[in-house]
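S.K.: Counted from 1, the sequence shown has number 180 at position 177 by the numbering used here; the numbering is strictly sequential.
Even for Gly, the Cβ is constructed at its ideal location relative to N, Cα and C.
Following this message is one structure expressed as C-alpha cells.
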Amino acid sequence: MSISIGIVGLANVGKSTLFKALTRNPVDISNYPFCTIEPNIGIVKVPDERLLKLTKFTTSGRSIPAVIKFVDIAGLVKNAHKGEGLGNQFLAHIKQVDAILYVLRGFENKKVPSSEEGINPKRDLEIIVSELILKDIETIEKRLESLKKEIKKGEKKAMEEMAIIKEVQESLNKEEMVIKYLKRFSEKERERRIEFLKPLCLLTAKKGIILLNTNDSKTDEQLKRKAEEMDFPYIVLDAKEACEISELTEEEKKELGIKENPLDSLIRTSYKILDLITFFTIKEDRTEVRAWSIKRGTKGPKAAGIIHSDFEKKFIKVEVINWKKLLNFESWAQAKGAGAISTEGKDYEIEDGDVILVKHG
Ligand SMILES: Nc1nc2c(ncn2[C@@H]2O[C@H](COP(=O)(O)OP(=O)(O)O)[C@@H](O)[C@H]2O)c(=O)[nH]1
Ligand SMILES: [Mg+2]
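Here's what the structure looks like:
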C-alpha cells in the first residue's frame, strides 16, 4: 500500500532540508513495486523494533520495513490558488497525498530570506491554510456547477450531494477546514458525506501534522494552541540538525550519545495520524521477515491482497500470532505445535503486531 505525506510550507522554511534528511538512507526500491521514483518523492522506512526482533526467525537476518512516501511539494506562496508561484502545479501535487506536513519556519537566519516579514510561524500557518481553503472553495464551486446539470437531467444522487456540497461551501466560507466540518457529525453521517467528498480530493479534508523547524527549545505557545485548535499533532524539530544526524554512522551517533534520530518520531506520528497498523510476514523458506502497513480494521483477505494481489481472491484462511508471543518460540512450527497460532477466516480483522501466514488456493 502506498501512503504519502506532502511536505507543504512557504519558501525557505526548510522543506527540502527535511526531505533530504528523511531520504538520506535509501531503501531498496525493488521491494516496493507500487512506488515510482521521482526526484521529489522519497521512500522512507518506518522504524520498528519489532521487525528487528523477528529477524531471529530468518536464516539471513534480512528484514524489509514498511515505508511511507514523503513528497517535497514546492511552490506555496500567497495567492497560489490564483496561480501565483507554481500555483496549479503545486495544487495538483498536493491533491494526491494522504496527509499534509505543514512545515513552519521558526529559525532565524539573516542569510536565508523569508517570504513574509520576520519569523512568525502562526501567521505563516494561517497563510497556508487560507490558501488551501480558497482552493477548496474553487473546487466546490466547480462541483456545484456540474451538479446543477446533473440535477436537471434528473439524477437522484445529485440532490443529496448538492445539500452536502452547499454545507461544505458555507463552512469553508467561514474559514473552517473540511476536516473540522466533518468532525461535527456522527460516524454514519460523516461516512455518508465522505463518500461524496472523496472524489473531490479537498485539501483541507486531509489530516495534518504541524512541524515547527527550529533549534530553539522554547515552545511557541501561539502555534501550539493553533495546532490544538486544528486538532493536529504538533512537533518541534531542527531540520538542519536532523540532516546532519542522518549523515552520521551508527558508531558516530553512539559516541555523541544520540539515541534516536529526531525524524523517527515524525515518521511514527505520520503513521499514527493515518490510522495505520503494521502486520508481519515471515517467508516460509525463512529468507526474510517483512512489515506491511494497512488501515486499522482491515480484514484478512484484503491484507493478504497487499502481500500479493492474487491472495485476496484465493484467500482461504490466515494463521495468526502476536509478534511478542511468537518470540517465545524457536520457530513457527514449534509455536504451531504448542497450539499458540490461531486460524482465522475471512472476517478476521488484522491487529497491530500480528504475524500472519496466509493460506490460499
Ligand atoms: N539555521 C537554520 N537554517 C535552516 C534550517 N532549515 C533550513 N535552513 C536553511 O534554509 C535554507 C532554505 O532551506 P530549504 O530546505 O531549501 O527550504 P525550502 O524552500 O522550504 O525547501 C537553506 O539554506 C537551509 O540550509 C534550520 O533549521 N536552521
Ligand atoms: Mg525546497
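#1: Establish whether the CB of Glu255 and some CB of chain C are separated by less than 7 Å.
#2: Since Leu185 contacts Arg195 with CB under 8 Å, what's their CB separation in whole angstroms?
#3: Within a Cβ cutoff of 7 Å, which residues of the same chain sit near Leu25, ignoring the five residues on either side of it in sequence?
#4: Tell me whether Ala166 is buried or exposed, calling it buried when 16 or more other Cβ atoms sit within 10 Å of its Cβ.
#5: Excluding the 5 residues preceding and the 5 following Lys210 in the sequence, name in chain order all residues of the same chain whose CB lies nearer than 8 Å to its CB.
#6: Any chance the CB of Asn15 is under 6 Å from a heavy atom of ligand 1?
#7: From what residue to what residue does the beta strand (DSSP E) around Glu347 run?
#8: Looking at the unbroken alpha helix (DSSP H) that takes in Val132, where does it start and where does it end?
#9: Would you give the residue range spanned by the alpha helix (DSSP H) that Asn216 belongs to?
#10: Hey, would you say Glu164 sits closer than 7 Å to Phe199, going by beta carbons?
#11: Excluding the five sequence neighbours on either side, which residues of its own chain have a C-beta within less than 8 Å of the C-beta of Arg302, listed in chain order?
#12: What residue from Val106, Leu79, Tyr105 has the CA that sits closest to Phe93's CA?
#13: For Phe110, list the residues DSSP reports as bridge partners.
#14: Can you tell me which residues form a DSSP beta bridge with Arg187?
#15: When the Cα atoms are used, what is the spatial distance from Thr272 to Val49?
#16: Tell me whether the beta-carbon of Val106 lies closer than 7 Å to the beta-carbon of Val16.
#17: Given a cut-off of 7 Å on the beta-carbon distance, is the pair Gly395 and Ile76 in contact?
#18: Give me the Cα-Cα distance between Phe332 and Val323, rounded to the nearest whole angstrom.
#19: State the start and end residues of the unbroken alpha helix (DSSP H) segment that holds Ile168.
#20: Based on DSSP bridge pairs, tell me the residues matched to Val11.
#21: How many Å lie between Asp127 and Gly12 at the Cα?
M.R.: In terms of the structure at hand:
#1: Included in the structure is just one protein chain, with no chain C present.
#2: One-based indexing of the sequence shown puts residue 185 at position 182. One-based indexing of the sequence shown puts residue 195 at position 192. Actually they are not in contact, since the Cβ atoms of Leu185 and Arg195 sit about 11 Å apart, beyond 8 Å.
#3: Counting from one through the sequence shown, the residue named residue 25 turns up at place 22. Contacts found: Gly45, Val47, Phe73, Leu266.
#4: For the purposes of this step, residue 166 is taken as the residue at position 163 of the sequence shown. Exposed, by the Cβ-count rule.
#5: Within the sequence shown, the letter at position 207 stands for residue 210. Excluding residues within five positions, the ones whose Cβ falls inside 8 Å are Asp101, Ala102, Ile103, Ile182, Phe235, Ile276, Leu277.
#6: Taking the sequence shown and counting its residues from 1, the one referred to as residue 15 is at position 12. Within the cutoff, so yes.
#7: Counted from its first residue, the sequence shown places residue 347 at position 344. Here the beta strand (DSSP E) through Glu347 covers 345 to 347.
#8: In the sequence shown, counting from the first residue as 1, residue 132 sits at position 129. In the DSSP assignment, Val132 falls within the unbroken alpha helix (DSSP H) covering 124 to 155.
#9: Here residue 216 is taken as the residue at index 213 of the sequence shown, counted from 1. No alpha helix (DSSP H) holds Asn216; the beta strand (DSSP E) holding it covers 210 to 216.
#10: Looking up residue 164 in the sequence shown gives position 161. Looking up residue 199 in the sequence shown gives position 196. Yes, the pair counts as a contact, with Cβ atoms nearer than the cut-off.
#11: As a position in the sequence shown, residue 302 is number 299, starting the count at 1. At residue 302 the sequence reads Lys, which differs from the Arg that was named. A distance below 8 Å between beta-carbons, with the five flanking residues on each side excluded, links Lys302 to the following residues of its chain, in chain order: Lys349, Asp350, Tyr351, Glu352, Ile353.
#12: On the sequence shown, residue 93 is found 90 positions in, with the first residue counted as 1. Taking only the C-alpha atoms, the option nearest Phe93 is Leu79.
#13: Reading the sequence shown from its first residue, position 107 is the one you call residue 110. DSSP lists no bridge partner for Phe110.
#14: Counted from its first residue, the sequence shown places residue 187 at position 184. Bridge partners of Arg187 according to DSSP: none are assigned.
#15: Your numbering for residue 272 matches position 269 in the sequence shown. Your numbering for residue 49 matches position 46 in the sequence shown. Across the structure, Thr272 and Val49 are spaced so that their CA atoms are roughly 10 Å apart.
#16: Position 103 of the sequence shown, counted from the start, is the residue given in the question as residue 106. Position 13 of the sequence shown, counted from the start, is the residue given in the question as residue 16. In this structure, Val16 lies closer than 7 Å to Val106 by Cβ.
#17: Look at the range of the chain in this structure, 4 to 364, and you will see that residue 395 is not part of it.
#18: By 1-based counting over the sequence shown, the position of residue 332 is 329. By 1-based counting over the sequence shown, the position of residue 323 is 320. In a straight line, the C-alpha of Phe332 is about 14 Å away from that of Val323.
#19: Position 165 of the sequence shown, counting from 1, holds the residue named residue 168. Where Ile168 is concerned, the enclosing alpha helix (DSSP H) stretches over 159 to 176.
#20: Along the sequence shown, one-based indexing puts residue 11 at 8. Partner(s): Tyr105.
#21: Taking the first residue of the sequence shown as 1, we reach residue 127 at position 124. Taking the first residue of the sequence shown as 1, we reach residue 12 at position 9. Taking the straight line joining both Cα atoms gives about 8 Å.
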